[in-house]
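Here's the structure, in structure tokens; my notes come after.
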Amino acid sequence: MSDPDVVVVGAGAAGLAAAKTLMAAGHSVRVVEAMGRIGGRAWTTSDRFGLPFDIGCAWLHAADRNPFFPEAQAAGWTLFHHDMGLDHLWYRDRKADAAELAAIGEADAQLQRLIEAHDSTDDRLSSLLEKGHALRAAATFSGPMDFGQDDDEISIADYRAAADLDPNYFTKEGFGTLVAQFGADVPVELNTPVREIDWSGKGAQVETARGTIRAEAVIVTVSTGVLAFEDIRFRPHLPDTHLEAIFDLPMGLLTKIPVEIRGERFGLAPFDDLLIERHARHDVFFLCFPFDTDLMVGFVGGDFAWEIEAAGEDAAVDFVTDRLVDLFGSDLRAKVGRSLMTNWAGERRTRGAYAAARPGKAAARAALAQPVADRIWFAGEALAGSLAQTAGGARLSGEAAARAVMARLKAIP
50 MSDPDVVVVG AGAAGLAAAK TLMAAGHSVR VVEAMGRIGG RAWTTSDRFG
100 LPFDIGCAWL HAADRNPFFP EAQAAGWTLF HHDMGLDHLW YRDRKADAAE
150 LAAIGEADAQ LQRLIEAHDS TDDRLSSLLE KGHALRAAAT FSGPMDFGQD
200 DDEISIADYR AAADLDPNYF TKEGFGTLVA QFGADVPVEL NTPVREIDWS
250 GKGAQVETAR GTIRAEAVIV TVSTGVLAFE DIRFRPHLPD THLEAIFDLP
300 MGLLTKIPVE IRGERFGLAP FDDLLIERHA RHDVFFLCFP FDTDLMVGFV
350 GGDFAWEIEA AGEDAAVDFV TDRLVDLFGS DLRAKVGRSL MTNWAGERRT
400 RGAYAAARPG KAAARAALAQ PVADRIWFAG EALAGSLAQT AGGARLSGEA
450 AARAVMARLK AIP
């Protein structure tokens with residue numbers, strides 16, 4: 050196969066968007082993907098439940114700025130606006146009363162005010178939570194269920210730079226299906242992991258499991274988790290600024306544990322949000338019966354997500370089932386059907402869910418976004434600006450990287 054103008058490494062939302070942008074402008078592109086499918090962390094499957102379920106990203110965040118949203122509308126897909134307001138709160142096995150539930154809403158608003166006003170050298174989100182016990186329950190969404198990290202591992206500056214992601218939408222057909230449809234016209238070489246990128250000479254050489262590709266430029270869209278594990282070698286080594294940025298943007302984790310509950314709804318409505326606050330950050334959130342399906346979709350995040358994925362699917366399903374039994378009684382066990390645990394920690398091609406800057410390291414995103422010798426560009430959810438950690442943001446990041454590469458190609462004599 051002929052050598053292209055640009056090699057794109059990774060066929061997730063960012064890589065697909067970069068390739069489509071370059072191809073539309075008439076540039077030759079080769080996209081290499083280590084997995085046997087496109088989409089990356091956007092992946093919908095019907096294998097377990099007989100209906101579309103998003104193993105990866107599910108919310109179409111910031112629909113008014115998300116380029117995937119109008120495409121879902123144009124396709125006539127089933128969309129639901131999810132306001133993320135908390136409908137049910139439990140402290141272990143005690144249901145919060147109306148006053149306590151209202152207090153969480155006020156605590157969330159207080160936390161946002163503290164974040165906006167923060168000017169201390171202590172950049173840990175947990176430093177704000179020490180100002181009030183009621184803030185901790187509200188911070189469950191801001192930390193493990195949002196950033197995929199515990200509050201002591203989240204940079205306030207990085208969190209503040211993120212956009213308000215409302216309006217949020219679900220699609221019944223699946224976000225992963227939407228991303229796969231977006232990239233269906235992009236030629237992708239699947240099962241082709243990249244071993245090395247050599248930028249020591251003119252242009253770059255990309256060594257893959259199927260041979261070496263020479264190109265003027267490379268756009269790397271793999272996760273910071275893959276980069277930190279050095280699954281791809283760079284020759285010479287990346288500049289220290291880029292290496293430090295990679296390690297300052299570790300992958301967080303959000304784990305889904307959906308369980309099928311047959312013949313019972315416990316007074317819960319479709320898309321109700323239910324949060325169980327527990328000790329030691331072992332909190333669990335449930336999205337109840339989305340699109341009137343029989344699924345209670347459990348979520349755990351941060352350090353506890355890494356622990357529960359290490360314990361395995363059986364242990365994870367037992368954990369969420371036990372929590373539901375705590376709330377609704379032992380008769381629930383007989384109603385539990387099929388179940389699942391997502392396992393992005395164990396997926397070597399991602400090594401986590403999405404990136405979050407360490408406290409004091411919010412500048413890492415901008416550092417990693419700088420091109421290396423005008424030959425290597427990085428793109429993806431970690432570099433998506435105010436839409437970081439979202440698939441829509443990843444797509445916009447890929448498009449931006451492609452435009453930067455095109456400007457460079459135009460300047461080459």
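Following this note's numbering, the numbering of the sequence shown begins with 50 at its first residue and continues without gaps. Built from N, CA and C at the ideal position, the CB exists for glycine as well. Everything numeric in this text was worked out from a predicted model, so none of it was measured.
Item	Value
Residue environment, L381, which counts as buried when at least 16 other CB atoms sit within 10 Å	buried
Endpoints, the beta strand (DSSP E) within which V131 is located	Going by the sequence as given, residue 131 is His instead of Val. From DSSP, the beta strand (DSSP E) with H131 extends over L128 to H131.
Cutoff 8 Å; reference T127; Cβ partners in own chain excluding five residues on either side	T220, K221, E222 and F340
Alpha-carbon spacing of I153 relative to G192, whole angstroms	15 Å
Own chain residues within Cβ distance below 7 Å of I295, not counting five before or after	T273, L276, A277 and L417
Same chain only: Cβ atoms within 7 Å of G85, ignoring 5 sequence neighbours per side	L239 and N240
Proximity below 7 Å, CB of G59 to CB of T270	yes
N-terminal and C-terminal residue of the alpha helix (DSSP H) that L417 is part of	A413 to L417
Ordered list of alpha helix (DSSP H) runs contained in the region 216-277, each at least 4 residues	224-231 and 273-277
Secondary structure of H137, DSSP reduced to three states	strand
Between the CA atoms of T304 and F338 - distance to the nearest angstrom	17 Å
Three-way DSSP call (helix, strand, coil) for P193 in this model	coil
Three-state class that DSSP yields for E82 in the structure shown	coil
Continuous beta strand (DSSP E) stretch holding I205: start and end	Segment I205 to A210 is the alpha helix (DSSP H) holding I205; no beta strand (DSSP E) there.
Cβ separation of I281 and E245, assumed to be a contact under 8 Å, to the nearest whole Å	7 Å
Of the residues A359, M133 and A422, the one placed nearest G395, counting alpha carbons only	A359
First through last residue of the alpha helix (DSSP H) which encompasses M455	A440 to A460
Test item: CB-CB of F224 and D103 under 7 Å	yes
Three-state secondary structure (DSSP) of E326	strand
Ordered list of beta strand (DSSP E) runs contained in the region 292-363, each at least 3 residues	303-310, 321-326, 333-337 and 344-350
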